[in-house]
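Participant: Pasting a structure here, questions to come.
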Amino acid sequence: MKCFYCDFAAFSGQGGSMDRYVSAILAEADLHPGRAVDTLYMGGGTPTELSAAQLTRLLDGLAARFGPLGGLRESTVEASPETADAARLDALAAAGVSRLSLGLQTASDRLLKSIGRQHTFADFRAVYAAARVRGFALSVDLMQGLPGQSKEDAAADLEAVLDLAPDHLSIYTLQVEDRTLFGKREIEVDTDLARETMETALERLAAEGFVHYEVSNFARPGFESLHNTGYWVDRPGLGLGCGAAGFLDGARTQNEDKLTPYVTRVERGEKPVKSAERLEGREKLGETMLLGLRMLEGLVPTPAMRAAFVPQLERLCSRGLIADEGGRVKLTRESLFVANEVFREFVPPWERTP
Ligand SMILES: C[S@@+](CC[C@H](N)C(=O)[O-])C[C@H]1O[C@@H](n2cnc3c(N)ncnc32)[C@H](O)[C@@H]1O
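Per my numbering, the very first residue in the sequence shown carries number 225; after that it's consecutive.
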């Protein structure tokens with residue numbers, strides 16, 4: 225069953241077709257011969273829904289095509305406490321995976337139930353301990369702005385996770401997507417409360433020595449996600465699997481996000497691309513700008529980028545939403561809570577009233 229907030233390409237009740245899906249992902253990789261890879265990120269949906277044998281076949285198959293995972297700069301798998309059992313953790317460790325992103329969301333069993341999670345905090349702690357002894361670097365996902373989540377709940381979530389000394393945290397404010405159960409229930413996020421809980425988290429994590437390097441991401445120095453950072457600095461990436469996003473040769477692609485069309489097209493020897501976009505000119509400059517601004521260190525805009533966004537940069541500066549110092553442009557603390565407002569300035573339509 226999908227979590228009540230989840231809008232990612234995830235399919236439940238199709239366990240029987242996972243062997244065919246794994247074969248299709250490897251066949252899709254064969255449609256990209258000679259691609260060099262230095263980081264791997266296996267996300268979802270939930271990769272640990274695959275069995276240990278399927279994970280081994282998939283990861284060993286990718287290693288046979290792109291080089292041993294142990295030789296990559298970083299290899300991450302998103303794992304859910306519901307399914308990341310000892311056999312799967314052993315399979316991931318044996319394949320050379322270096323990092324796990326564990327989806328906890330909240331440490332409150334009451335809230336876990338209310339968002340459709342099938343595990344408890346105790347289950348999470350057991351998986352966390354089992355992953356730690358296998359030597360993985362560990363990242364934990366938390367969500368804020370959940371229905372019925374008080375600021376005390378959110379603070380307790382963070383303390384519960386900090387007690388486990390993770391290497392990395394991602395904290396996401398709930399986005400209510402129309403196609404989800406929360407969307408159908410017309411759940412609304414209390415943005416003032418969400419801001420307060422994020423403010424508290426920023427203070428607490430800074431005090432704990434975490435680097436806030438991206439809008440939603442915090443790391444112990446040296447544990448920043450190399451793969452995800454690549455997105456934000458326009459690095460090329462090969463997207464394999466259902467709904468996967470790719471960025472190759474200047475074009476952004478999105479794969480089929482339904483299992484049957486994805487598998488069928490790959491089995492026909494076709495790249496299962498559902499949509500492709502190659503941004504040029506001002507749109508491309510804008511994309512590079514908004515991606516770069518996701519990193520808290522910001523970016524040094526090129527002269528072309530500055531020329532393309534004079535009024536936008538002036539407006540954002542005058543509103544105290546970006547700082548423009550020493551040639552570098554970056555988000556201010558204030559804009560962390562309205563980052564989408566900043567990012568919207570760099571996508572069409574260009575002219576908007578403040
Ligand atoms: C691609 S999901 C994969 C998580 C994994 N399937 C699991 O269940 O543990 C990665 C993370 O995105 C966050 N996320 C998913 N849907 C979200 C939403 N609607 N709003 C905010 N964050 C969300 C959650 O923290 C989740 O752990």
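Just so it is clear, CB atoms sit at the ideal spot from N, CA and C, and this is done for glycine as well.
At the level of alpha carbons, what is the spacing between Ala431 and Glu252?
Facilitator: Translated into positions along the sequence shown, residue 431 becomes position 207. Translated into positions along the sequence shown, residue 252 becomes position 28. Near 45 angstroms, if we compare the C-alpha coordinates of Glu252 and Ala431.
Participant: Less than 7 angstroms between C-beta atoms, sequence neighbours within five positions excluded: which residues of the same chain meet that for Ser440?
Facilitator: By one-based count along the sequence shown, residue 440 stands at place 216. Result list for Ser440: Ser394, Ile395 and Tyr396, in chain order.
Participant: Output needed for Gly465: all residues of its chain with C-beta closer than 7 angstroms, excluding positions within five of it in sequence on either side, in chain order.
Facilitator: On the sequence shown, residue 465 is found 241 positions in, with the first residue counted as 1. Same-chain partners within the cutoff: Ile249 and Asn479.
Participant: Let me know the beta strand (DSSP E) ranges lying completely inside the stretch 230-317, each 3 residues or longer, listed in chain order.
Facilitator: Complete beta strand (DSSP E) runs here, min 3: 263-266 and 298-303.
Participant: Measure the alpha-carbon distance for Gly446 versus Leu388 and round it to whole angstroms.
Facilitator: For this step, residue 446 is matched to residue 222 along the sequence shown. For this step, residue 388 is matched to residue 164 along the sequence shown. Spanning the two alpha carbons is a distance of roughly 18 angstroms.
Participant: What is the DSSP secondary structure of His451, reduced to helix, strand or coil?
Facilitator: Here residue 451 is taken as the residue at index 227 of the sequence shown, counted from 1. DSSP places His451 in helix when its eight states are reduced to three.
Participant: On the three-state DSSP scale, how would you describe Arg323?
Facilitator: For the purposes of this step, residue 323 is taken as the residue at position 99 of the sequence shown. Three-state result, Arg323: strand.
Participant: So for Gly470, helix, strand or coil by DSSP?
Facilitator: Against the sequence shown, residue 470 aligns to sequence position 246. Looking at Gly470 - three-state DSSP - the assignment turns out to be strand.
Participant: For a test of the three-state rule: what should DSSP assign to Gly510, helix, strand or coil?
Facilitator: Taking the first residue of the sequence shown as 1, we reach residue 510 at position 286. Three-state result, Gly510: helix.
Participant: Less than 9 angstroms between the beta carbons of Phe567 and Thr415, yes or no?
Facilitator: For this step, residue 567 is matched to residue 343 along the sequence shown. For this step, residue 415 is matched to residue 191 along the sequence shown. No, these two residues do not count as a Cβ contact at 9 angstroms.
Participant: Please report how far the alpha carbon of Glu306 lies from the alpha carbon of Phe228, in whole angstroms.
Facilitator: On the sequence shown, residue 306 is found 82 positions in, with the first residue counted as 1. On the sequence shown, residue 228 is found 4 positions in, with the first residue counted as 1. So the two alpha carbons sit approximately 15 angstroms from each other.
Participant: What I want to know is whether the C-beta of Leu366 ends up closer than 8 angstroms to one or more non-hydrogen atoms of ligand 1.
Facilitator: Translated into the one-based positions of the sequence shown, residue 366 becomes position 142. Yes; taking the cut-off as 8 angstroms, the Cβ of Leu366 has a heavy atom of ligand 1 nearer than that.
Participant: Identify, in the order they occur along the chain, each residue of the same chain with its Cβ nearer than 6 angstroms to the Cβ of Asp231, setting aside the five sequence neighbours on each side.
Facilitator: Numbered from its first residue, the sequence shown carries residue 231 at position 7. The residues are Glu401, Arg403 and Thr404.
Participant: Please go through the stretch 493-573 and give each complete beta strand (DSSP E) segment of 3 or more residues, from N-terminal end onward.
Facilitator: List check, beta strand (DSSP E) in window: 497-501, 546-549 and 552-555.
Participant: How long is the line joining the alpha carbons of Thr270 and Gly467, rounded to whole angstroms?
Facilitator: Position 46 of the sequence shown, counting from 1, holds the residue named residue 270. Position 243 of the sequence shown, counting from 1, holds the residue named residue 467. The alpha-carbon atoms of Thr270 and Gly467 are separated by roughly 13 angstroms.
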